[in-house]
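This note's numbering applies: residue 6 is where the sequence shown begins, and numbers increase by one.
See below for the structure under consideration.
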Amino acid sequence: MKYDFVIVGSGLFGSTFAYAMRQAGKRCLIIDKRAHAGGNVWCQEVNGIQVHQYGAHIFHTSDLSIWQFVNQFVQMKPFVHSPKAKYFDTLYALPFNMNTFEQMWGVTTAEEARLKLDIETAPYKKQKPINLEQQALQLVGPELYETLIKHYTEKQWGKPCSELPAFLITRIPIRLTYNNNYFADLYQGIPVGGYNPLINGLTAGIDIELNIDFLTDREYWNKQAMHIVYTGPIDAFFNYCFGKLEYRSLRFEHRLLEGVSNFQQHAVVNYTSNDVPYTRIIEHKHFDFKSTPDTVITYEFPQAYNESVEPYYPVNDVANNARYRQYRDMVKKDSRLIVGGRLADYQYYDMHQVIASALHKAQKHLQNET
Ligand SMILES: Cc1cc2nc3c(=O)[nH]c(=O)nc-3n(C[C@H](O)[C@H](O)[C@H](O)COP(=O)(O)OP(=O)(O)OC[C@H]3O[C@@H](n4cnc5c(N)ncnc54)[C@H](O)[C@@H]3O)c2cc1C
6 MKYDFVIVGS
16 GLFGSTFAYA
26 MRQAGKRCLI
36 IDKRAHAGGN
46 VWCQEVNGIQ
56 VHQYGAHIFH
66 TSDLSIWQFV
76 NQFVQMKPFV
86 HSPKAKYFDT
96 LYALPFNMNT
106 FEQMWGVTTA
116 EEARLKLDIE
126 TAPYKKQKPI
136 NLEQQALQLV
146 GPELYETLIK
156 HYTEKQWGKP
166 CSELPAFLIT
176 RIPIRLTYNN
186 NYFADLYQGI
196 PVGGYNPLIN
206 GLTAGIDIEL
216 NIDFLTDREY
226 WNKQAMHIVY
236 TGPIDAFFNY
246 CFGKLEYRSL
256 RFEHRLLEGV
266 SNFQQHAVVN
276 YTSNDVPYTR
286 IIEHKHFDFK
296 STPDTVITYE
306 FPQAYNESVE
316 PYYPVNDVAN
326 NARYRQYRDM
336 VKKDSRLIVG
346 GRLADYQYYD
356 MHQVIASALH
366 KAQKHLQNET
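What follows is the structure, encoded as C-alpha cells:
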C-alpha cells in the first residue's frame with residue numbers, strides 16, 4: 006500500500022491528524038470532495054479582504070499548547086469578538102452585560118441590573134423548564150427573551166422556541182460588568198492572511214486530492230492505505246443503516262460592495278428580529294482592521310438540511326444522540342477505521358477542540374502501535 010492513512014476530509018481535523026502522522030514518519034493522503042482544502046475554515050481573498058467562506062471564524066482557546074501549535078503556522082492578530090445584536094432599528098451589545106442592561110433598562114450598576122433581572126425572571130422560577138422558551142424566560146425574563154433570543158433562535162433552528170429542547174440554552178452568560186468580550190478564553194485572534202496559511206502549514210508535504218467523494222468509490226480508497234481516517238457525516242459512512250441523523254444547514258450569500266468602505270461598522274451583527282430571514286451579517290474587513298475602498302459582507306441564512314446542502318449543526322437531542330451512539334459502536338468494531346471532527350463525532354466543536362481532538366487521536370493511535 007502506498008499510504009499508511011487515507012484521510013477523508015481536509016478540514017482542521019483531517020489536516021491536523023495528517024500533520025501529526027507526517028511528523029511521526031507516516032505516509033498520508035488527504036482526499037476531499039470539495040474543490041479546495043480547509044473544510045469550513047477556508048478563506049478567499051476578494052479585493053484585498055480575507056472572506057471566511059463558511060461563516061465568521063474567530064479562533065479562541067484557553068489551552069496554551071493549542072494556541073502555540075496554531076501560532077507556529079500562522080501569526081494571530083489580536084481580535085476581541087464582541088458581536089452586536091440588531092432588533093429592528095436598535096443595536097444592542099452582546100453577550101448580555103452591563104452595556105446591554107443599560108441600553109434596555111437604563112440601569113448603570115450591578116445591583117440595579119441584578120434586581121431588574123430578579124424581578125423579570127421571578128414569575129418563571131417556579132417550574133422546571135421543559136422547553137427552550139421556558140428555560141430562557143427563567144434565565145433572563147420576557148424582555149431580553151423577546152428582543153435578543155426568541156426570533157434569532159427560531160430562525161436558527163426553524164422551530165418555535167416552545168418546541169425546542171431546553172438544553173440548547175442551559176446557560177446564558179450574564180456579565181454584570183461593562184465587558185463586551187464574547188469569549189472568556191485566555192487567547193483569541195484572527196489569523197493574518199486568513200485560515201489558508203494554517204491549512205497549508207499543516208498539510209505541507211502531504212498529498213492532497215480534491216473533488217473526490219470517498220463514498221462513491223470506497224473500495225478503491227480502502228485499498229490505498231492500512232487505515233481510513235473519516236471526517237464526514239457518520240451516518241452516510243454506514244449507509245444510514247440506523248437511520249439518518251438530523252442536521253441544520255446554512256446558506257451563505259457573499260456580496261462585494263464596491264465603493265462602500267464601511268457597511269455596518271462592525272465585524273459581526275446578529276439580527277434578532279423576525280423582519281429579516283437571515284441571522285447574521287459579517288463584514289470581513291473588520292476582522293483585519295483593513296482600510297480598503299470596498300467591502301465584502303456575508304448574509305447567513307439558516308435552512309433545513311437535506312442531502313443537496315451542507316450539514317453544519319448536529320441536532321443533539323435524545324433521539325439523534327441515541328442513533329449516533331449506534332454508529333459510534335460500529336466504528337469501535339473496525340480496527341482500520343478512525344473517525345473525528347464535527348461530522349463524524351456528531352458534535353458541535355470549536356476549532357481549538359477539533360485540533361486538540363485530532364492531536365489526541367493521532368497520539369493514541371501511535372501509542373497503540375508500539
Ligand atoms: C457558521 C459557523 C461558524 C463557526 N465559527 C466558529 C468560530 O468562530 N470559532 C470556532 O472555534 N469555531 C467555529 N466554527 C466551528 C468550526 O468550523 C469547526 O470546529 C471546524 O471547522 C471543524 O473542522 P472539521 O475538520 O471537523 O470539519 P470540516 O471543516 O467540515 O471538514 C470536513 C471536510 O470533510 C469533507 N468531506 C466530508 N465528507 C466527505 C466525503 N465523503 N469524501 C470526501 N470529503 C468529504 C468536507 O468536504 C470537508 O472539507 C464554526 C462553524 C460554523 C458552521
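Virtual Cβ for every residue (Gly too), placed ideally from N, Cα, C.
Residues bridged to residue i (per DSSP)
{"i": "M81", "result": "P196"}
{"i": "I287", "result": "V273, T303"}
{"i": "H259", "result": "T303"}
{"i": "F10", "result": "C33, H232"}
{"i": "P319", "result": "Y252"}
{"i": "L342", "result": "I233"}
{"i": "E214", "result": "I36"}
{"i": "C246", "result": "Looking at the DSSP assignment, C246 forms no beta bridge with any residue, so it has no partner."}
{"i": "C48", "result": "H57"}
{"i": "Q308", "result": "S254"}
With 16 other Cβ atoms within 10 Å as the buried cut-off, status of residue i
{"i": "L215", "result": "exposed"}
{"i": "V148", "result": "Looking at the sequence provided, one finds Glu at residue 148 rather than Val. It counts as exposed."}
{"i": "A327", "result": "exposed"}
{"i": "Q270", "result": "exposed"}
{"i": "P307", "result": "buried"}
{"i": "S5", "result": "Missing from the structure shown is residue 5; the chain here goes from 6 to 375 and no further."}
{"i": "N279", "result": "exposed"}
{"i": "N102", "result": "buried"}
{"i": "H365", "result": "exposed"}
{"i": "R176", "result": "exposed"}
{"i": "S15", "result": "buried"}
{"i": "D339", "result": "exposed"}
{"i": "A245", "result": "As written in the sequence, residue 245 is Tyr, which differs from the Ala given in the question. Burial call: exposed."}
{"i": "Y310", "result": "buried"}
{"i": "D322", "result": "exposed"}
{"i": "K290", "result": "buried"}
{"i": "P316", "result": "buried"}
{"i": "M6", "result": "exposed"}
{"i": "L144", "result": "buried"}
{"i": "V13", "result": "buried"}
{"i": "G146", "result": "buried"}
{"i": "K369", "result": "exposed"}
{"i": "L120", "result": "exposed"}
{"i": "V85", "result": "exposed"}
{"i": "T105", "result": "buried"}
{"i": "K160", "result": "buried"}
{"i": "K164", "result": "exposed"}
{"i": "K337", "result": "exposed"}
{"i": "T95", "result": "exposed"}
{"i": "N5", "result": "This structure cannot speak to residue 5, because the chain is shown only from 6 to 375."}
{"i": "Q58", "result": "buried"}
{"i": "E263", "result": "exposed"}
{"i": "L261", "result": "exposed"}
Counting pairs of beta carbons, one from the region 127-134 and one from the region 182-190, are three or more of them closer than 8 Å? no
Touch check for the region 343-352 and the region 287-299: three-plus C-beta pairs under 8 Å? no
Between the region 11-20 and the region 190-199, can you find at least three pairs of beta-carbon atoms closer than 8 Å? no
Those runs of the alpha helix (DSSP H) which lie wholly inside the region 51-104 and span at least 4 residues: 69-76
Could you tell me whether the region 229-237 touches the region 254-265, using the rule of 3 or more Cβ pairs below 8 Å? The region 229-237 is not in contact with the region 254-265.
Do the region 360-374 and the region 70-86 touch if we need at least three Cβ pairs shorter than 8 Å? yes
Does the pairing of the region 235-248 with the region 329-342 give three or more beta-carbon distances under 8 Å? yes
Quick check for students: name the residue ranges of the alpha helix (DSSP H) that lie wholly in the region 98-167, counting only runs of 4 or more. 103-110, 115-126, 137-145, 156-162
Determine, using beta-carbon pairs with one atom in the region 219-226 and one in the region 137-145, whether at least three such pairs fall under 8 Å. no
With three or more beta-carbon pairs closer than 8 Å as the criterion, would you say the region 81-96 touches the region 115-129? Touching, no.
Can you find at least 3 beta carbon pairs, one from the region 86-93 and one from the region 164-173, that sit closer than 8 Å? With the cut-off at 8 Å, the region 86-93 and the region 164-173 do not touch.
Contact between the region 41-60 and the region 199-208: three or more CB pairs below 8 Å? yes
Alpha helix (DSSP H) segments (min. 4 residues) lying fully within the region 342-366: 346-349
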